[in-house]
Each structure stands twice: as C-alpha cells, then as structure tokens.
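Per our numbering, residue 60 is the first one in the sequence shown, and the count goes up by one each step.
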Amino acid sequence: MAEKQTILGRISQLAKANINALLDRAEDPQKMLDQLIRDYTNSIAEAETAVAQTVGNLRLAEKDHDEDVTVAADWGRKAAAASAKAEEMRAAGDQAGAQKWDDLARVAIGKQIQFEGEAKNAEPLIASQREVVDKLKNGLVQMKDKLSELKTKRDQLVARQKAAEAQAQVSDAVASINVLDPTSELSRFEDKVRRTEAMAQGKAEVATSSLDSQFAELETDSSQAEIEARLAALKQQH
C-alpha cells in the first residue's frame with residue numbers, strides 16, 4: 060500500500076504542475092518541456108503498471124470474496140438439509156440418528172459462519188483497493204491530459220522559434236540589401252539611359268532645325284521669283 064500511496068503522490072504532484080509557471084522560470088523552455096515529457100511518459104508507464112497490479116490484486120480479492128460467499132451459502136444449505144434430516148429421524152423415533160444429523164448441521168453452520176466471517180473481513184480491504192484503483196485511474200487520465208498539453212505547448216514553442224528564426228533571416232537579408240543598395244546601381248544606369256535619350260532628342264531637334272532653315276530658304280527664293288515675274292509682266296504692258 061505504501062508504494063501505491065507514493066505513486067498516487069507523484070501522480071497528484073505531476074497532474075497539478077503549473078506548466079506556464081515552469082516555462083517562465085526555465086532558461087531553455089524547449090529543453091525543459093522535452094525533459095518534462097520524458098518524465099511524464101515514464102511516470103505514466105509506472106502508474107499504468109501500478110494500476111494493473113492493483114486491479115489484479117483487487118480482482119483476486121473480489122474473486123476470493125465471491126467464493127467465500129458461495130461456500131458459506133453452500134454450508135448453509137448443508138446445515139439446513141442436515142437439520143431437516145435430524146427432524147425426520149427424530150420423528151421416526153431414532154434419537155441417535157437425529158443427534159448425528161444435528162451434530163452435522165452444527166458443523167455445517169460453523170463452516171458457514173467461518174466463510175461468512177472471511178468474506179466480511181475482506182470487504183474493507185476490497186473497498187480500500189477499489190478506492191485506490193479509482194484514484195490511480197483518475198490520476199492516469201489527468202497525467203495523460205497533462206502530457207498532451209505538454210506536447211502541444213512544446214510543438215507551439217518549436218513553431219514559434221522556427222518562425223522567429225525565419226523572420227530573423229529575412230530581417231538579416233533585408234538589412235544586407237539595404238547595405239548593398241542595388242537600387243543605386245539601377246539609378247546610375249537609368250541616368251545614363253536618360254542622358255543617352257536626351258542626346259538623341261537633341262540631335263533630332265538640331266537636324267530638324269537645319270531642315271526647316273533649308274525649306275525656309277527655299278520659300279524665300281520662291282517669293283523673290285514671283286516678284287521678278289510680276290515686275291516683268293508690268294514692263295511688258297508699257
């Protein structure tokens with residue numbers, strides 16, 4: 060029983076553990092959770108063994124109790140049969156025979172009392188064992204729930220850590236991009252392209268201006284020719 064009480068104490072202590080408080084105090088929460096998971100897993104295995112052993116002992120005690128009750132009832136029936144036989148012999152006038160069967164009835168009654176006593180004495184122990192079994196089973200359920208909670212928190216913590224690491228990597232990459240600033244190279248290239256475009260536009264405007272001046276000269280020549288032609292026509296009139 061002492062061993063069972065010790066296991067019950069450990070189960071109670073583990074089941075009541077405040078995981079969040081433990082995590083707050085831990086230097087390495089993931090490492091602490093992994094250790095807790097191992098401890099809980101081992102404790103659950105030990106508790107399951109204790110439950111199996113206690114249940115086995117309880118079932119044996121219950122079986123012995125049921126057998127004692129059955130045997131006591133059998134001896135009660137034998138006592139009743141022997142007593143009835145004694146009365147039958149007595150009615151027939153056979154006092155010796157009646158005494159014999161009464162003595163057998165007394166023996167049977169003694170056996171009945173003996174097994175009834177054994178059954179009654181076993182009942183407190185059986186009740187106690189049933190209580191221990193119930194506590195162990197409830198403790199196991201709580202521990203398994205706690206183990207599930209531990210695993211969930213461990214997985215969440217690992218996921219958060221991976222996300223934080225990934226974010227840090229992205230931040231480092233962005234920082235390195237800012238340091239290198241490749242956009243400055245693009246800006247310089249864009250300026251070069253714009254200067255080239257400006258040069259081309261300037262050349263085009265220069266070429267266009269030259270062409271316009273040539274056409275202007277041509278228009279001037281045409282006007283002068285018209286003047287001379289009209290002047291010649293006037294002279295012919297005279």
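Positions of the beta carbon are idealized from the N, C-alpha and C atoms, including for glycine. Just so we're clear, the structure is a prediction, and the values are computed from it rather than from any experiment.
Scanning its chain for C-beta atoms nearer than 8 Å, with the 5 sequence neighbours on each side dropped, one finds around Ile185 the residues Leu117, Ala120, Glu121, His124, in chain order.
Take Arg213, set aside five residues on each side of it, and the residues of its chain with a beta-carbon closer than 8 Å to its own are Gln89, Leu92, Asp93, Ile96, in chain order. The three-state reading of DSSP puts Gly152 in coil, since its state is none of H, G, I, E or B.
By the Cβ neighbour-count rule, Ser207 is exposed, with fewer than 16 other Cβ atoms within 10 Å of its own. Residue environment for Leu293: exposed (fewer than 16 other C-beta atoms within 10 angstroms of its C-beta). Residue burial annotation: Lys262 is exposed, with fewer than 16 other C-beta atoms found within 10 angstroms of its C-beta.
The Cβ-Cβ distance between Val128 and Ala178 falls below 8 Å. The beta-carbon separation of Lys159 and Trp134, rounded to 18 Å, does not stay under the 8 Å limit for a contact.
Beta-carbon to beta-carbon, Ala131 and Ala145 are separated by about 21 Å, too far to satisfy the 8 Å threshold. At the C-beta level, Thr113 and Gln188 come within 8 Å of one another. In the three-state DSSP reduction, Asp87 falls in the coil class, being neither helix nor strand. Looking at Gln173, Glu190, Asp193, the one whose alpha-carbon comes closest to that of Glu126 is Gln173. Sorting Gly152, Asp153, Ala157 by C-alpha distance to the C-alpha of Ala143 places Ala157 at the top.
Ala284 has its alpha-carbon roughly 17 Å from the corresponding atom of Gln295. Beta-carbon to beta-carbon, Ile103 and Lys203 are separated by about 6 Å, close enough to satisfy the 8 Å threshold. A Cβ-Cβ separation of about 24 Å leaves Lys221 out of contact with Tyr99 under the 8 Å criterion. Sixteen is the threshold: when 16 or more other Cβ atoms of the shown chains lie within 10 Å of the Cβ of Val191, as they do, the residue is buried.
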